[in-house]
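Structure record follows, encoded as structure tokens.
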């Protein structure tokens, strides 16, 4: 589905039994490795990507891996591995994969639902195949942090430390509500056809859902600074395309555009509208709708107490599960995060017996984990030294 | 469009010229009056409703008008008037009105765009018709606050005080982004047909847009308390209908429903999903999509510096306009408001020469202006005494 998959490795499992009991035949995991396994096969850092990410961690987290001495994750020292999650369109088995034994047909909406635990289990299989004996650290932000938490439950002999960024111990009703809004938005587009679209995907629905996601990832303050009430006039905003002399992603974006006076009452397009439409379009170029819904459902299923300590109350079960995670943990929260607010990371830091908490200052909200790579690198560096 | 319009008065203007230059013929304003004009015709309190509200202020703000001595707005003392805004489906001219001279045809998407200033101008006409000489106070929350601000610019001889709640001096890029997401969501529904739907309106699109609006009106904390990860199992959530023994609006809503164990991994529906779907359905029963888009466009046009002090910079123009508003002003902000955050009301309170600021404590965010009627009444009472 994405225009171009990253250069990556693939491995396939004949039959992978999901937590639900369903089986994915010829289950494929795409992954990327940077650095070499050391002689003890224990210098591995596992990176877990977020919902719309790929295994290509250098693409979206370049500042942490620049390979110089200032980067927190030095590929001279660590063997860095990132696996693409099941259901993602970036190479692992997903709704856009061919159904084994069915010629060229894709799974589409018949791709079985998967959980964060399924991902962790199949990714551990990949590491086993590679001969990895133990993991120096597992690190993830947002959905990636959900994976990192589940990874840590393999125990401290196998996973020796963890880094959890802008994430949560269980998907709460607020994040579920955002996911539900986005699912409903996609389903409002008749082209969705319950997932059985083919050459005519629901771009309007997925685009509008992406706009909603952007609102959950950003903040009032960052939009205020970036866009104000600036407008585009001279040509229709629908004309703004990537590659134009306009990059609607930055506050410099409107240079070269014909800007109206700020206070006209014509019906122009606000810069922020243009930005959102551009984001919607870009997302349609790189993502598949069935995959998106699959991943929304996956994060909604995330709950580290699911099926654990069932004789205890939710609160006590949460305490008990977090107490199991004895490894040194770095918990990072973004004070402006509107999707997984700081309270969720503070609860993690409080419940994990051996955790340090850091606030990653950002005006951008949840997306700060991507946009503040430099600051994040500074927070991570001492932890990895 | 709504099942039932409130009992209200109507007045009609042959030709109402809009700010845009377009004309609404037979322009109708629906309004409700409670209390009597005193002998000086100056005991009027004008209430301005929010985006999805009606003139029926006792319906949505009952606690401020209960008519006993504890209510801030005593109809024994004040003549309380609320006019329905242009473009709203609750009785004033709007996309669901018949087009004059066109038999039974509705305006639909051809209804001309209106601004907050158009509303204030036509509402003043209504007050003139009623013989009102001056206004004791004008009060509004959210979009209503935008009207109240514009009302105040008629000057202190006519409007003697104002109350601005959870509102802003100009619609900023954050609120525009929410509106844009909701417009895009509606347009993703092919039934929208650029507004030319008739018997088959885009209920899926409008419903999903309402879900997005609910996210802008509420908070992480309130959803956490209300819903947690509780689920519905026994029957499909699509079966939950108003009038069932279930009211998904309250945290008690799920009593009587078959709740699953909290930690099952079946594919049940979370209580919060059910709540959002119920909100979507309820909204479709009471609102029209063209009206909704009209009102979103209207709030996007709100900017008290538009066309004023055009020789000054935005910042200086804002200072100058606010400085004109010499009346005693009460500015109320909700610290958890995610749509028009406190910074916007603090800016108002700072810029208005004669303003007092109050924080309305609420866990519910923007909707606190509706949900915290009791607290709001306590804040307003001294101001009206």
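Chains as they are written, first to last, in full-length UniProt numbering: chain A, 1 to 385; chain B, 1 to 385. Each residue gets a CB set at the ideal place from its N, CA and C atoms; glycine is no exception.
Do residue i and residue j have their C-beta atoms within less than 8 Å of each other?
{"i": "residue 338(B)", "j": "residue 368(B)", "result": "no"}
{"i": "residue 300(B)", "j": "residue 113(B)", "result": "no"}
{"i": "residue 349(A)", "j": "residue 355(A)", "result": "yes"}
{"i": "residue 150(A)", "j": "residue 116(A)", "result": "yes"}
{"i": "residue 127(B)", "j": "residue 148(B)", "result": "no"}
{"i": "residue 47(A)", "j": "residue 139(A)", "result": "yes"}
{"i": "residue 214(A)", "j": "residue 171(A)", "result": "no"}
{"i": "residue 325(B)", "j": "residue 169(B)", "result": "no"}
{"i": "residue 195(B)", "j": "residue 108(B)", "result": "yes"}
{"i": "residue 385(B)", "j": "residue 63(B)", "result": "no"}
{"i": "residue 90(B)", "j": "residue 30(B)", "result": "yes"}
{"i": "residue 353(B)", "j": "residue 306(B)", "result": "no"}
Quick test of your reading: residue i and residue j, contact by CB under 8 Å. State the CB separation rounded to the nearest angstrom.
{"i": "residue 180(A)", "j": "residue 276(B)", "result": "5 Å"}
{"i": "residue 92(A)", "j": "residue 167(A)", "result": "With a Cβ gap of about 20 Å, residue 92(A) and residue 167(A) do not count as contacting."}
{"i": "residue 230(A)", "j": "residue 271(A)", "result": "4 Å"}
{"i": "residue 76(B)", "j": "residue 65(B)", "result": "Not confirmed; about 11 Å, so no contact."}
{"i": "residue 288(A)", "j": "residue 120(A)", "result": "Not quite, the Cβ-Cβ distance comes to about 23 Å (not below 8 Å), so this is no contact."}
{"i": "residue 189(A)", "j": "residue 118(B)", "result": "Contact flag wrong, Cβ pair sits at about 33 Å."}
Identify the contact partners of residue i in chain B, using a Cβ-Cβ distance below 7 Å as the criterion.
{"i": "residue 212(A)", "result": "181 and 212"}
{"i": "residue 174(A)", "result": "220, 223 and 224"}
{"i": "residue 185(A)", "result": "185, 188 and 208"}
{"i": "residue 178(A)", "result": "215"}
{"i": "residue 227(A)", "result": "173"}
{"i": "residue 295(A)", "result": "Simply none; closest approach about 15 Å."}
From residue i to residue j, what distance separates their C-alpha atoms?
{"i": "residue 361(B)", "j": "residue 345(B)", "result": "14 Å"}
{"i": "residue 21(A)", "j": "residue 351(A)", "result": "31 Å"}
{"i": "residue 174(A)", "j": "residue 55(A)", "result": "27 Å"}
{"i": "residue 187(A)", "j": "residue 290(A)", "result": "11 Å"}
{"i": "residue 134(B)", "j": "residue 158(B)", "result": "5 Å"}
{"i": "residue 295(B)", "j": "residue 292(A)", "result": "31 Å"}
{"i": "residue 327(B)", "j": "residue 313(A)", "result": "56 Å"}
{"i": "residue 191(A)", "j": "residue 212(B)", "result": "21 Å"}
{"i": "residue 13(A)", "j": "residue 129(A)", "result": "11 Å"}
{"i": "residue 25(A)", "j": "residue 197(B)", "result": "46 Å"}
{"i": "residue 343(A)", "j": "residue 42(A)", "result": "33 Å"}
{"i": "residue 372(A)", "j": "residue 111(A)", "result": "35 Å"}
{"i": "residue 206(A)", "j": "residue 185(A)", "result": "7 Å"}
{"i": "residue 374(A)", "j": "residue 86(A)", "result": "29 Å"}
{"i": "residue 4(B)", "j": "residue 40(B)", "result": "35 Å"}
{"i": "residue 153(B)", "j": "residue 316(B)", "result": "17 Å"}
{"i": "residue 36(B)", "j": "residue 98(B)", "result": "32 Å"}
{"i": "residue 204(A)", "j": "residue 78(B)", "result": "50 Å"}
{"i": "residue 146(B)", "j": "residue 84(B)", "result": "14 Å"}
{"i": "residue 15(A)", "j": "residue 142(B)", "result": "56 Å"}
{"i": "residue 103(B)", "j": "residue 88(B)", "result": "21 Å"}
{"i": "residue 382(A)", "j": "residue 6(A)", "result": "30 Å"}
Grab me the residues of residue i's own chain with a C-beta within less than 6 Å of its C-beta, minus the 5 sequence neighbours each way, in chain order.
{"i": "residue 17(B)", "result": "23"}
{"i": "residue 137(B)", "result": "45 and 161"}
{"i": "residue 19(B)", "result": "115, 117 and 118"}
Identify, in the order they occur along the chain, each residue of the same chain with its Cβ nearer than 7 Å to the Cβ of residue i, setting aside the five sequence neighbours on each side.
{"i": "residue 210(B)", "result": "279, 280 and 283"}
{"i": "residue 217(A)", "result": "339, 365, 366 and 367"}
{"i": "residue 73(A)", "result": "45, 64, 65, 80 and 384"}
{"i": "residue 370(B)", "result": "60"}
{"i": "residue 379(B)", "result": "332, 358 and 360"}
{"i": "residue 319(B)", "result": "351"}
{"i": "residue 182(A)", "result": "209, 212, 213 and 296"}
Apart from the five residues just before and just after residue i, which ones in its own chain have a Cβ nearer than 8 Å to its Cβ?
{"i": "residue 144(B)", "result": "47, 48, 49, 50, 53, 165 and 167"}
{"i": "residue 363(A)", "result": "219, 221, 222, 225 and 336"}
{"i": "residue 9(A)", "result": "30, 31, 32 and 33"}
{"i": "residue 200(A)", "result": "191"}
For residue i, which residues in chain A fall below 8 Å Cβ to Cβ?
{"i": "residue 273(B)", "result": "176, 177 and 180"}
{"i": "residue 280(B)", "result": "184"}
Just the chain B side, please: which residues come within less than 8 Å of residue i by C-beta, in chain order?
{"i": "residue 276(A)", "result": "177, 180, 181 and 184"}
{"i": "residue 170(A)", "result": "229"}
Give the interface partners of residue i over in chain A, defined as CB-CB distance under 7 Å, in chain order.
{"i": "residue 341(B)", "result": "220"}
{"i": "residue 204(B)", "result": "187 and 188"}
{"i": "residue 369(B)", "result": "In chain order: nothing, as chain A lies at least about 17 Å away."}
Using a Cβ cut-off of 9 Å, pull out every chain B residue sitting near residue i, in sequence order please.
{"i": "residue 338(A)", "result": "220 and 338"}
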